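Input: a single structure, listed below in structure tokens.
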Amino acid sequence: MSTTEAQISVNTNLQKQDLGNLDLENLTPLSPEVISRQATINIGTIGHVAHGKSTVVKAISGVQTVRFKNELERNITIKLERLSEEKLRALMRSPKLLRDFEAKLEEKRRNTLVSHEPPTFRVRNYKQRSVSVDTHLTSTSARSSSLGETQPTRGTSTSPSSGYDSHSECGTSIHGDQKRRSSMPRSRVFSSTINAITYSPVVKKRNKPESDNNLAESESEQTSINKRKKLKQFKVNKEYIVERIESIESINGNPIFFVKWFGYPPETNTWESLNNICECTLFEPFIESRYRLHEFIITKITTEIELEIADKGLIFSMTNLQIDDLDKYDPLALKADLILLAQFRACRSRNQRETEKIRKRIIDMMLLKPVYYRRKQQQNELQSFQDRMNKIENSAPITVENLVDLEVIDSAFNYIKDSFAGVNVKIQEDPPIGCKCENDCAPLSSCCARMAGSYFAYDKTGRLRIKPGEAIYECNNKCVCDEKCVNRVIQRGRSNNLCIFRTSNGCGWGVRTEKPLRKGEYVCEYVGEIITSEEANDRGLTYDAIGRTYLFDLDYNTSGESVYTIDAALYGNISHFINHSCNPNLAVFPFWINNLDINMPRLAFFSLRPIKAGEELTFDYVRTDYENLSAAEKVSCRCGAENCRKVLF
Numbered sequence: 001m002s003t004t005e006a007q008i009s010v011n012t013n014l015q016k017q018d019l020g021n022l023d024l025e026n027l028t029p030l031s032p033e034v035i036s037r038q039a040t041i042n043i044g045t046i047g048h049v050a051h052g053k054s055t056v057v058k059a060i061s062g063v064q065t066v067r068f069k070n071e072l073e074r075n076i077t078i079k080l081e082r083l084s085e086e087k088l089r090a091l092m093r094s095p096k097l098l099r100d101f102e103a104k105l106e107e108k109r110r111n112t113l114v115s116h117e118p119p120t121f122r123v124r125n126y127k128q129r130s131v132s133v134d135t136h137l138t139s140t141s142a143r144s145s146s147l148g149e150t151q152p153t154r155g156t157s158t159s160p161s162s163g164y165d166s167h168s169e170c171g172t173s174i175h176g177d178q179k180r181r182s183s184m185p186r187s188r189v190f191s192s193t194i195n196a197i198t199y200s201p202v203v204k205k206r207n208k209p210e211s212d213n214n215l216a217e218s219e220s221e222q223t224s225i226n227k228r229k230k231l232k233q234f235k236v237n238k239e240y241i242v243e244r245i246e247s248i249e250s251i252n253g254n255p256i257f258f259v260k261w262f263g264y265p266p267e268t269n270t271w272e273s274l275n276n277i278c279e280c281t282l283f284e285p286f287i288e289s290r291y292r293l294h295e296f297i298i299t300k301i302t303t304e305i306e307l308e309i310a311d312k313g314l315i316f317s318m319t320n321l322q323i324d325d326l327d328k329y330d331p332l333a334l335k336a337d338l339i340l341l342a343q344f345r346a347c348r349s350r351n352q353r354e355t356e357k358i359r360k361r362i363i364d365m366m367l368l369k370p371v372y373y374r375r376k377q378q379q380n381e382l383q384s385f386q387d388r389m390n391k392i393e394n395s396a397p398i399t400v401e402n403l404v405d406l407e408v409i410d411s412a413f414n415y416i417k418d419s420f421a422g423v424n425v426k427i428q429e430d431p432p433i434g435c436k437c438e439n440d441c442a443p444l445s446s447c448c449a450r451m452a453g454s455y456f457a458y459d460k461t462g463r464l465r466i467k468p469g470e471a472i473y474e475c476n477n478k479c480v481c482d483e484k485c486v487n488r489v490i491q492r493g494r495s496n497n498l499c500i501f502r503t504s505n506g507c508g509w510g511v512r513t514e515k516p517l518r519k520g521e522y523v524c525e526y527v528g529e530i531i532t533s534e535e536a537n538d539r540g541l542t543y544d545a546i547g548r549t550y551l552f553d554l555d556y557n558t559s560g561e562s563v564y565t566i567d568a569a570l571y572g573n574i575s576h577f578i579n580h581s582c583n584p585n586l587a588v589f590p591f592w593i594n595n596l597d598i599n600m601p602r603l604a605f606f607s608l609r610p611i612k613a614g615e616e617l618t619f620d621y622v623r624t625d626y627e628n629l630s631a632a633e634k635v636s637c638r639c640g641a642e643n644c645r646k647v648l649f
């Protein structure tokens, strides 16, 4: 006996109804087709309820609810409203009014749903999204895809793509004390995860804290403002602690991690992206433990990929890669991908799209791996040179940077602070005379410069006041003034922070200032090995063969040939790395302090104009008063200045 027949036997007032044979004009609330407080209509499917005749029956019943049965014999109860007789007749006469009435009912139903929706806070959305992601990750054969299902317990995590279950009972979950993670609200933590990973459309909708777009459009403006205020009030900075990383799985070929938060129930566990979790102190031990768990399969995978790389002759190309991108390489990220691929293989997954994406990423990282370790070795060598350099010259700090290639500072180069004498060269350190200025040394006093027949070099701020080509005579050991004398600028040392960097225009290493320089500021001294001119001629032939020279003639005494030359090829300071420019911002000035030998001046760099922070420092290698002794073939200039001579020397 069917369910309808059973109902007829119980209630004699109930008659079997057929909408096709129903006389709508003669129906009243007291008709036998309409029973007290409810009307049961035997129709095919629940979808038919929305059609016209059923709506008319609901309308003319004059009761609050109508209960329908679908083809599965399930009761569906719909709330109704009472209508007047005039309204009923109008609806029965006009199909257009009937359609408008249906639309009005539907709109009212939606508005009712929106108005009764409780205000939602960030934490609530956070939990709902966690459940949604977990539901999306679950295999359909194992669990229902309904969003209303609960999350897995702490002991077991689902297997999104690989289907490879991960159990904490196996000893692979990583525990720890209160390991700290980035300080951000949990809603922001998970939203960044969602943005980093592509989910199904359902999850994308639930990811929006403003709820469904259609519902949001029907809300009033005041409701939206109040909701935003509540959400804004809830955004507080709070530090959350990772208690345990439960498992690693894959979404669209990207690794994600199931995280248990300290002090929160398992229902609030979330799936976090690699970028979110890689800084956690529990991340490395978790990866290492899972790597050991799948080590047998991982060994096979790496062997296969290495053979493929060798057979195809694959090499890493740095053509389109910035060198600083190598610093972003993470060996643990490579291990995470190997673990994912091992899980896919262990469960014999047929998901070719994700496995191929992971495999390609593994190949790229394996090609990048040797270059990464070369980069690490380079950084260690540059750091070692930087530390040694700053230890020798304990003035303003100097940094070393290479963001262009994998070159390092020549290991044959020795950093020194002061020039030293070569073979057959003697440097005098005992000046025969010094000034006796009673007050501070000044341009009008009888200071060292005036005694040498020259101009006082500095103003009261210590900046240069003479023109290029003129000499500087600073106070020496025989002078009565102290070290604070305004005429001891070079002796006080370099005060500006500099950086040795690798140029991108093929000019090798260069020097830039880290702080702005004013016009006339002292930059550094050109130091090296002081050799005779004869020795310089011999060395010049060797340097010409390699197209590089660091010979600087000390020929300020124009009455004759230069007697000495500074060679900074193997011994020097930061001036060794200053490049040439046909439009330089530095100039070279000869100066004397304790050694007053006219044939052995020292050389100092001063700024010719204001120089911005980050600007490269350059000087002209081919000034008429400081010509290089080398007779090499012409070397092209790469300075790029508008007035470039195209030839260096």
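So in UniProt numbering, spot 187 of the sequence shown is number 187, and the numbers just go up one at a time.
Even glycine gets a Cβ: it sits at the ideal position worked out from N, Cα and C.
Since this is a predicted model, take the numbers as computed values, not measurements.
Buried or exposed by the 16-neighbour rule on C-beta atoms within 10 Å, applied to residue i
i	result
Met600	buried
Lys104	exposed
Ala613	exposed
Pro255	buried
Leu246	Before going on, a small fix: residue 246 reads as Glu here, not Leu. So Glu246 ends up on the buried side.
Lys335	buried
Leu517	buried
Arg539	buried
Tyr373	exposed
Leu464	buried
Ser581	buried
Val400	buried
Ser504	exposed
Ser2	Confidence in Ser2 is poor, its pLDDT being 43 and thus under 50, which makes the residue's placement unreliable; the coordinate value appears in the next sentence. Exposed, by the Cβ-count rule.
Gly253	buried
Val588	buried
Glu642	exposed
Arg99	exposed
Gly640	exposed
First and last residue of the uninterrupted alpha helix (DSSP H) at residue i
i	result
Lys312	Glu295 to Lys312
Leu403	Counting along the chain, Leu403 falls outside any alpha helix (DSSP H), and DSSP gives it neither H nor E.
Leu282	No alpha helix (DSSP H) contains Leu282, which DSSP labels as neither H nor E.
Arg609	No alpha helix (DSSP H) holds Arg609; DSSP gives it neither H nor E.
Leu88	Glu85 to Arg93
Residue range of the beta strand (DSSP E) that includes residue i
i	result
Ile392	Premise fails: Ile392 lies in the alpha helix (DSSP H), Gln352 to Ile392, not in any beta strand (DSSP E).
Phe619	Glu616 to Phe619
Leu340	No beta strand (DSSP E) contains Leu340, which is instead part of the alpha helix (DSSP H) from Pro331 to Ala346.
Glu272	Thr270 to Ser273
Gly510	Trp509 to Thr513
Arg502	Leu498 to Arg502
Counterpart residues of residue i in DSSP-defined beta bridges
i	result
Pro590	Leu603
Glu529	Phe420 and Asp567
Val523	Beta-bridge pairing links Val523 to no other residue.
Ile315	In DSSP, Ile315 forms no bridge with anything.
Ile398	Leu498
Residue i vs residue j beta-carbon contact at 7 Å
i	j	result
Gly572	Val635	no
Asp452	Ile472	The amino acid occupying residue 452 in the given sequence is Ala; Asp does not appear at that position. No, the pair does not count as a contact, with Cβ atoms beyond the cut-off.
Gly510	Asn402	no
Tyr522	Val489	yes
Asp620	Pro584	yes
Ala569	Tyr550	yes
Arg290	Ile362	no
Gln378	Leu406	yes
Val425	Ile530	yes
Ala333	Ser495	no
Phe262	Ile248	no
Glu393	Lys417	yes
Ser575	Cys524	yes
Val480	Lys436	yes
Phe577	Ile466	no
Ile298	Ala342	yes
Arg548	Glu616	no
Ser250	Glu354	yes
Short CB-CB distance (under 7 Å) between residue i and chain C
i	result
Thr532	The question asks about chain C, but that chain is absent: this structure has only one protein chain.
- Query: Counting only runs that start and end within the stretch 425-495, where is the alpha helix (DSSP H) found for 4 or more residues in a row?
  - Reply: 448-451
- In chain order, which continuous runs of the alpha helix (DSSP H) of length 4 or greater are located wholly inside the stretch 531-589? 533-546
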